[in-house]
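Protein chains: 2
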Amino acid sequence: MLDQYSSVLLERAVGELAKLPGIGRRTALRLVLHLLRQPVAEADALSSALTELRHGVRYCHVCHNISDTDTCEICANPRRDGSMVCVVETVRDVIALENTGIYRGLYHVLGGVISPMDGIGPADLEIDSLVERVRAGGVEEVIFALSSTMEGDTTNYYLYRKLSPFNVRLSVLSRGLSVGDELQYTDEATLGRSLINRTPFDGSSR
Amino acid sequence: MLDQYSSVLLERAVGELAKLPGIGRRTALRLVLHLLRQPVAEADALSSALTELRHGVRYCHVCHNISDTDTCEICANPRRDGSMVCVVETVRDVIALENTGIYRGLYHVLGGVISPMDGIGPADLEIDSLVERVRAGGVEEVIFALSSTMEGDTTNYYLYRKLSPFNVRLSVLSRGLSVGDELQYTDEATLGRSLINRTPFDGSSR
Chain A
2 MLDQYSSVLL ERAVGELAKL PGIGRRTALR LVLHLLRQPV AEADALSSAL
52 TELRHGVRYC HVCHNISDTD TCEICANPRR DGSMVCVVET VRDVIALENT
102 GIYRGLYHVL GGVISPMDGI GPADLEIDSL VERVRAGGVE EVIFALSSTM
152 EGDTTNYYLY RKLSPFNVRL SVLSRGLSVG DELQYTDEAT LGRSLINRTP
202 FDGSSR
Chain B
2 MLDQYSSVLL ERAVGELAKL PGIGRRTALR LVLHLLRQPV AEADALSSAL
52 TELRHGVRYC HVCHNISDTD TCEICANPRR DGSMVCVVET VRDVIALENT
102 GIYRGLYHVL GGVISPMDGI GPADLEIDSL VERVRAGGVE EVIFALSSTM
152 EGDTTNYYLY RKLSPFNVRL SVLSRGLSVG DELQYTDEAT LGRSLINRTP
202 FDGSSR
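Going down the list, the sequences are from chains A and B. Just so you know, the first sequence maps onto residues 2 to 207 in the working numbering. Just so you know, the second sequence maps onto residues 2 to 207 in the working numbering.
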């Protein structure tokens with residue numbers, strides 16, 4: 002049953018917030034009434050941050066991570082090791098790996114994994130640009146850090162076939178992750194250890 | 002530990018969302034990345050709804066409910082019974098009572114309850130305007146629908162002393178509510194029944 006509000010503005014704000022994942026109408030109402038108790042500047046800061054993010058967001062032309070500039074801070078940092086490229090699904094995985102504080106190389110954000118069930122094929126992912134990065138030289142190791150799921154494994158294998166012609170080491174995060182877990186929900190200690198213990202990938206461990 | 006993001010825009014959006022009650026940084030990041038996957042129009046709809054609410058919101062000059070106009074829809078509705086005024090703490094309580102579908106009278110939103118511990122005295126609440134409404138005539142019954150807490154009881158008693166000089170029936174929601182419960186979390190069946198079974202308030206049931 003939908004709540005009846007005495008204000009169209011209130012109804013709209015609650016309706017828009019309730020479209021967000023995990024936010025129901027009751028939570029949305031609580032958030033909106035909280036905002037109404039805050040100074041106008043606070044509410045404006047929130048909405049302008051959201052607008053500016055959505056309009057201003059860019060993606061690094063090298064690794065496709067979210068960035069404010071053409072080349073992201075990680076790719077542009079001369080102290081990062083450009084000989085290693087860690088392949089991840091999403092921006093959240095970059096954040097999760099950065100939080101381990103262990104990895105000093107670069108990233109490549111695929112944008113997902115190959116998933117025929119969801120209609121996602123290799124052409125929908127940033128795979129060609131990864132092959133180009135490797136072809137261009139300078140990359141000595143590519144680390145596959147995808148989810149430990151069937152789709153992740155399929156994508157690992159696809160990347161392995163694409164990249165094995167090149168003179169580059171391929172490795173995969175050690176299976177400290179439980180099978181079926183998604184990367185972004187893994188705790189940092191496990192994630193860090195699985196990065197250290199990454200194992201060579203020869204296509205047979207699939 | 003704060004997450005490290007590669008984008009100031011991302012950081013700002015997450016930071017602003019995480020100021021909302023019950024939203025942590027991890028949830029905020031999930032919401033923001035969800036917004037980034039939506040069309041720009043969707044994200045704009047959210048932020049403009051929040052901006053317009055915060056700037057455009059008004060409060061009914063009669064009952065202090067949220068409204069888009071000077072007089073709210075409930076007060077302006079000629080089919081509502083103007084002889085009954087239900088006194089509540091907040092706008093959420095109006096929504097909760099409207100959802101019972103039982104009440105056909107008007108409201109008066111106090112803005113809280115008397116709470117010396119929180120430094121809230123009678124002067125901080127819309128009590129004078131309630132007394133004025135009753136003094137102006139036309140009101141035959143005032144229903145106290147405040148939280149069933151010590152502060153709510155104190156406020157009931159204060160209102161009783163202020164209103165008993167007038168020729169007006171005073172009643173209080175029946176204690177179908179468990180003592181200590183807050184109104185806005187009560188299920189609609191209980192709330193509806195407690196409204197029907199409201200009992201005369203003579204100041205001695207405190």
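Positions of the beta carbon are idealized from the N, C-alpha and C atoms, including for glycine. Predicted, not measured: the structure shown is a model, and the values here were computed from it.
Within 8 Å of any Cβ in chain B, is that where the Cβ of residue i sits?
| i | result |
| --- | --- |
| residue 50(A) | yes |
| residue 56(A) | yes |
| residue 18(A) | yes |
| residue 146(A) | no |
| residue 41(A) | yes |
| residue 35(A) | yes |
| residue 11(A) | yes |
| residue 160(A) | no |
| residue 66(A) | yes |
Determine the direct distance from the alpha carbon of residue j to that of residue i, and round the result to whole angstroms.
| i | j | result |
| --- | --- | --- |
| residue 46(A) | residue 13(B) | 9 Å |
| residue 93(B) | residue 185(B) | 6 Å |
| residue 103(B) | residue 175(B) | 15 Å |
| residue 86(A) | residue 76(A) | 10 Å |
| residue 195(A) | residue 144(A) | 11 Å |
| residue 172(B) | residue 91(A) | 59 Å |
| residue 37(A) | residue 43(A) | 10 Å |
| residue 21(A) | residue 32(B) | 7 Å |
| residue 105(A) | residue 138(A) | 19 Å |
| residue 146(B) | residue 73(A) | 56 Å |
| residue 207(B) | residue 50(A) | At residue 207(B), the pLDDT of 49 sits below 50, so the modelled position is not reliable; the number obtained from the coordinates is stated separately. Whole-angstrom Cα-Cα distance: 49 Å. |
| residue 63(A) | residue 48(B) | 31 Å |
| residue 183(B) | residue 19(A) | 23 Å |
| residue 79(A) | residue 41(B) | 34 Å |
| residue 11(B) | residue 26(A) | 25 Å |
| residue 8(B) | residue 29(B) | 15 Å |
| residue 53(B) | residue 59(B) | 11 Å |
| residue 81(A) | residue 127(A) | 21 Å |
| residue 121(B) | residue 115(B) | 5 Å |
| residue 65(B) | residue 89(B) | 10 Å |
| residue 166(A) | residue 154(A) | 19 Å |
| residue 96(A) | residue 134(A) | 22 Å |
With 8 Å as the threshold, decide whether the Cβ of residue i is near any Cβ in chain A.
| i | result |
| --- | --- |
| residue 73(B) | yes |
| residue 8(B) | yes |
| residue 53(B) | yes |
| residue 14(B) | yes |
| residue 198(B) | no |
| residue 29(B) | no |
| residue 166(B) | no |
| residue 47(B) | yes |
| residue 22(B) | yes |
| residue 126(B) | no |
| residue 32(B) | yes |
| residue 137(B) | no |
| residue 44(B) | yes |
Beta carbon of residue i: closer than 7 Å to some heavy atom of the ligand FMN?
| i | result |
| --- | --- |
| residue 16(B) | The ligand FMN is absent from the structure shown, which contains no ligand whatsoever. |
Name the DSSP beta bridge partners of residue i, please?
| i | result |
| --- | --- |
| residue 143(A) | 86(A) and 171(A) |
| residue 197(A) | In DSSP, residue 197(A) forms no bridge with anything. |
| residue 108(A) | 87(A) |
| residue 116(B) | 121(B) |
Is residue i close to chain E, meaning its C-beta is less than 8 Å from at least one C-beta of that chain?
| i | result |
| --- | --- |
| residue 157(B) | Annotation note: the requested chain E is absent from the structure, which comprises protein chains A and B. |
Original post:
Taking the runs of the beta strand (DSSP E) that are 3 residues or longer, which of them lie wholly in the segment 9-95 of chain B?
Top reply: 82-89
Subject >> Members of the segment 68-93 of chain B near chain A, C-beta cut-off 7 Å >> reply: 68, 69, 73, 74, 75, 92 and 93
Subject >> Short-range partners of chain B found in the segment 91-110 of chain A, where Cβ spacing is below 8 Å >> reply: 91, 92, 93, 95, 96, 99 and 100
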